[in-house]
Every structure is written in structure tokens, then in C-alpha cells.
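In this note's numbering, the protein residues as written are 4 to 497. We put the CB at the ideal spot given by N, CA and C, even for glycine. Computed from a predicted model, the values in this text were never measured in an experiment.
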């Protein structure tokens with residue numbers, strides 16, 4: 004934004020008047036406010052664009068999949084369930100657009116406001132932390148009745164991971180030797196696998212015994228990849244709860260309309276894997292689980308390749324496609340092995356304890372976490388953090404269900420509190436101390452943050468966006484015109 008445009012901006016002039024009263028008028032202050040105002044507007048626009056693209060794209064994809072299921076369903080089959088109606092999808096998209104626009108704008112407003120009012124140097128070590136905590140409360144814009152505990156827990160764990168990485172940096176060992184020593188367990192070679200084992204115990208326990216403590220979509224995903232009939236899970240759950248309550252053995256209500264209605268054992272192996280040994284079942288499930296996992300991971304790898312690496316895919320398909328195929332195969336092997344180890348661990352727990360119970364499940368299924376070693380090293384921590392966030396959310400819900408924690412003691416918007424804390428931790432590592440700890444971020448995450456919050460001048464305390472929104476639009480327009488011209492030339496030459 005040039006000076007002439009700024010002079011016509013009433014909001015800018017009002018803010019400038021207040022700050023001139025505080026600091027006195029000078030050219031340096033004018034330049035700082037000019038840069039800050041432009042950064043704020045750019046961050047809000049880009050945050051809103053990100054929300055519109057991501058949430059809108061997700062809703063469009065959901066609608067297309069619903070239409071595809073409707074078109075391919077056979078006669079007599081039930082109508083597929085639709086997630087959101089068109090008005091609900093539009094409203095949802097607009098809410099997330101407003102949320103991310105407000106997140107970007109409020110973060111920059113607090114960050115730049117503190118720098119102007121209290122000084123850059125004085126606030127350099129904590130300014131971004133405060134700005135992130137304030138910006139995190141914009142999650143409320145997604146809706147009064149919406150709760151985002153999974154997202155909030157994940158963001159908090161991501162922030163804590165960045166803080167741990169910061170504490171493990173070499174310079175921290177010299178400045179804070181005690182903290183560096185306390186963080187020694189986090190520097191284990193396979194800490195990601197250990198976290199995955201810990202998360203697995205809670206997730207699988209919850210899925211079998213207390214599935215309501217897991218997000219419904221996540222529970223459906225586990226059900227799909229496990230490949231068991233619904234009565235198997237209902238029967239295993241009823242049996243475990245009976246044993247926990249020390250009720251006498253007897254036929255299970257969940258099995259009344261199945262061939263196993265006369266089952267009265269203390270373990271579910273009779274209907275869990277009929278006609279197979281426990282070990283044979285765990286090994287035999289691998290081919291079927293692998294086939295299902297291929298269907299899950301193929302779009303996970305192929306869609307980003309088409310969107311992000313489409314030029315390489317068109318120019319060198321024989322180089323990129325084998326890498327995509329290897330990634331799909333490796334991730335599918337991880338997930339199918341995870342399921343096989345889960346089933347093996349469950350049966351091992353039944354054999355050790357002699358009965359199905361929460362204790363027998365939780366203490367033995369951790370072995371499934373070792374499947375993480377089959378994944379690519381760079382993906383292991385991502386998997387561990389994602390599963391750990393699900394496990395932490397589920398464990399907290401279990402504490403409430405068990406009566407250990409009173410419902411009244413839980414904040415009404417705990418998700419907002421957790422999200423704000425996570426945002427504060429992330430932005431502290433991202434920008435405080437003039438970006439001293441930005442190296443703890445992976446480049447893909449850092450690029451996203453830079454795109455929204457500003458990508459130059461961090462070390463100088465004068466952050467701005469390059470290129471500007473106007474320059475980006477001009478570049479995109481030029482690329483489209485150039486592509487159209489090439490297409491027309493090609494068509495004319497045919």
C-alpha cells in the first residue's frame with residue numbers, strides 16, 4: 004500500500020493519531036505504522052483465503068463424494084448419509100474463513116501493537132507468545148456450539164514439541180543446563196515410537212471399551228481399517244464391561260442374532276476369530292488389512308503429488324511415480340502391521356489375564372506402536388503426535404466418565420483454552436527473540452506461517468510480506484494469460 008492510499012484510510016489515520024499522541028510525530032513512527040498496517044491487512048486476507056480454500060475445498064469434496072455414492076448405490080440399498088446440506092456447508096465455510104482471517108489479523112495486530120507501544124527490544128522475548136495466546140481465542144468464531152478438542156489438543160502438542168526442540172538446542176545446554184538435562188528422555192533415538200506405543204494403549208482401549216470417548220469420525224476410521232463385523236466389537240465391549248463389573252458369565256446380548264449367541268466364555272476369541280488360533284488370526288489378517296490400507300493411502304500420496312508436484316509429474320513421471328508407489332506401499336505396510344499387532348496384543352492380554360477387561364487390553368496393545376518403525380523416519384513423529392493428541396483427548400474424557408474429574412470443573416470452552424496455549428507456544432518459537440528459534444520448524448510448516456504472517460524482516464523486527472497480495476495476483480494473472488496463449492498457439496498449429 005502506497006502513502007497516498009494510507010492517507011485516505013480512515014482506520015489507519017485514527018490509529019496514527021492515537022500513537023502520535025503517545026510517541027510524538029516522527030517519520031520513523033509513520034514508516035513503522037505504515038508497514039504494520041499493511042502487514043495486518045495482508046495477514047487477514049491471506050488467513051481468510053486459506054480458510055476459504057481449505058474448508059471450502061473440504062466441503063466441496065464431501066459433496067462430490069456424496070453425489071458419487073448416490074449415483075453408484077444399488078437398488079434397495081439405504082440412502083447414503085450426507086454430512087452437511089448446501090446452506091450448512093456455505094455457513095461452515097464462511098465461519099472458517101472468518102476464523103482464520105481473524106487469527107492472522109489479531110496475531111499481527113497484537114504483535115505490532117506491543118512493538119509500537121512498548122518497544123521492539125523490550126518485548127522481543129515474549130511479544131509473539133502474547134500475540135499467539137490472544138489470537139487463539141478466535142476459534143470461537145467457528146460457532147458457539149462447535150467444539151474442537153481434537154484440533155486444540157493437536158495444536159497444543161505441536162507447540163510443546165517445538166518448545167522441547169528449542170530446549171534441546173546446543174545453545175540451551177550452555178544457558179540452561181538443568182532444563183537440558185531434564186529433557187534428556189526426549190532425545191531418545193526412537194522417542195517417536197515410544198510415544199506411539201503409549202498412545203496405542205489408550206486409543207485401542209477406548210475403541211473397544213469406551214468408544215464414545217473418541218471422535219466419531221476417528222472411531223469409524225478404526226472400524227473400517229480393522230475389518231470386523233459390528234457385532235464383534237459390541238460383543239467384546241459387553242464382555243469386557245461384564246468382567247470389569249464382576250458379573251457372572253452368560254450369553255451376550257450383542258450376539259443374540261449371530262451364530263455365537265451361546266458364547267459364555269470370559270474371552271472373546273470364540274467370536275473374535277472363529278476357527279483360528281490367536282497367532283494365526285494376527286498373521287492371517289495382514290493381506291486383507293494391507294489391501295484396505297492401500298485404498299486409504301493412495302489418495303493421501305497421489306493428491307499432493309498432483310497438486311504440488313504436477314510439473315514434475317508431467318515432465319518426469321517415471322521418477323516421481325515410483326516414489327509415490329513406494330510411499331503408498333510403505334505406509335500401507337505400517338497400518339496393516341499396526342492392525343495385526345493390535346489383534347495379537349489383544350489376544351495376548353486375554354491369555355495372560357484369563358479374561359477380557361480394560362486392564363488386559365490397555366496393558367498389552369501398546370505393542371502395536373512398534374509398527375511405526377516400518378514408516379519413513381520423517382513421518383514417525385507426525386504419526387505419534389497425531390495419535391497422542393487423540394489419546395490425550397480420549398483419556399481426559401475417560402477421567403470425566405470414571406468420575407475422577409467432575410464435569411463442572413471442566414471449562415465450558417476447554418478447546419479454546421488449549422488452542423490458545425498451543426498457538427502461544429508455536430508463535431513464541433516462530434517469532435520471539437527476533438526469530439532465533441525458527442530452525443526448530445520443518446520447512447513446510449514454516450513456509451505456511453511465513454505466507455500468512457510475513458516472510459521477511461523477522462531478524463530486524465520489521466516483518467512484511469514479499470511478494471504483496473497485489474504482486475501475487477499479478478503473477479497468477481500473468482501465468483494464466485501465458486498458459487492460455489500457449490494453448491491457443493498449440494491449437495492454431497494443429
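- Take the alpha-carbon of residue 278 and the one of residue 207: they are about 24 Å apart.
- Taking the Cα of residue 112 as reference, the smallest distance to any Cα among 153, 35, 192, 384 is reached at 35.
- Runs of the alpha helix (DSSP H) lying entirely within the region 418-461, each at least 4 residues long, are 446-456 in chain order.
- Rounded to whole angstroms, the gap between the alpha carbons of residue 428 and residue 171 is 15 Å.
- When C-beta atoms of the region 393-410 are compared with those of the region 236-249, fewer than three pairs fall below 8 Å, so the two segments do not count as touching.
- A residue is called buried when at least 16 other Cβ atoms come within 10 angstroms of its Cβ; residue 139 meets this threshold and is buried.
- In this structure, residue 350 places its C-beta atom within 8 Å of the C-beta atom of residue 272.
- In terms of Cβ geometry, residue 426 and residue 136 form a close pair [threshold 8 Å].
- The beta carbons of residue 234 and residue 258 sit closer together than 8 Å.
- Under the DSSP assignment, residue 390 falls in the alpha helix (DSSP H) whose first and last residues are 380-405.
- Between the region 473-482 and the region 54-64, the count of Cβ pairs shorter than 8 Å is below three; the stretches do not touch.
- In this structure, residue 98 and residue 55 do not form a Cβ contact; the two beta carbons are roughly 11 Å apart against a cut-off of 8 Å.
- Between the alpha carbons of residue 348 and residue 371 lies a distance of about 7 Å.
- The C-beta distance from residue 377 to residue 337 rounds to 4 Å, short enough to fall under 8 Å.
- The beta-carbon distance between residue 292 and residue 339, rounded to whole angstroms, is 4 Å. This is short enough to meet the 8 Å contact definition.
- In the structure shown, the three-state DSSP call for residue 172 is coil.
- Judged by their CB atoms, residue 110 and residue 389 are not nearer to each other than the 8 Å cut-off.
- Going by DSSP, residue 305 is part of the alpha helix (DSSP H) stretching over 289-311.
- 229 is the residue among 317, 229, 90 whose C-alpha sits nearest the C-alpha of residue 294.
- Residue 142 sits away from residue 327, with the two beta carbons spaced by 8 Å or more.
- Between residue 91 and residue 42, the gap from beta carbon to beta carbon reaches 8 Å or more.
- Sorting 465, 480, 469 by C-alpha distance to the C-alpha of residue 122 places 465 at the top.
- For residue 467, the three-state secondary structure derived from DSSP is strand.
- Taking a C-beta distance under 8 Å as the contact criterion, residue 246 and residue 359 qualify as a contact pair.
- The C-alpha of residue 73 lies about 38 Å from the C-alpha of residue 199.
- With a threshold of 16 other beta carbon atoms within 10 Å, residue 303 falls short and is exposed.
- Taking the CA atoms as reference points, residue 130 sits about 8 Å from residue 118.
- Contact between residue 333 and residue 379 holds: CB atoms are separated by about 6 Å, below the 8 Å threshold.
- The beta carbons of residue 434 and residue 461 sit about 6 Å from each other, so the pair counts as a contact at 8 Å.
- Non-local C-beta neighbours of residue 452 in its own chain, meaning closer than 7 Å and more than five positions away in sequence, comprise 433, ordered along the chain.
- About 6 Å separates the beta carbons of residue 127 and residue 436, which is inside the 8 Å limit, making them a contact pair.
- Straight-line spacing of the CA atoms in residue 64 and residue 150 works out to 22 Å.
- The DSSP assignment places 219-229, 233-247 as complete runs of the alpha helix (DSSP H) inside the region 216-259, in order along the chain (cut-off: 4 residues).
- DSSP, reduced to helix, strand and coil, places residue 76 outside both helices and strands of the structure shown, so it counts as coil.
- Between residue 397 and the set 355, 76, 209, the nearest pair of CA atoms involves 209.
- Separation of the CB atoms of residue 167 and residue 189 is rounded to 5 Å, and the pair is thereby assigned contact status at 8 Å.
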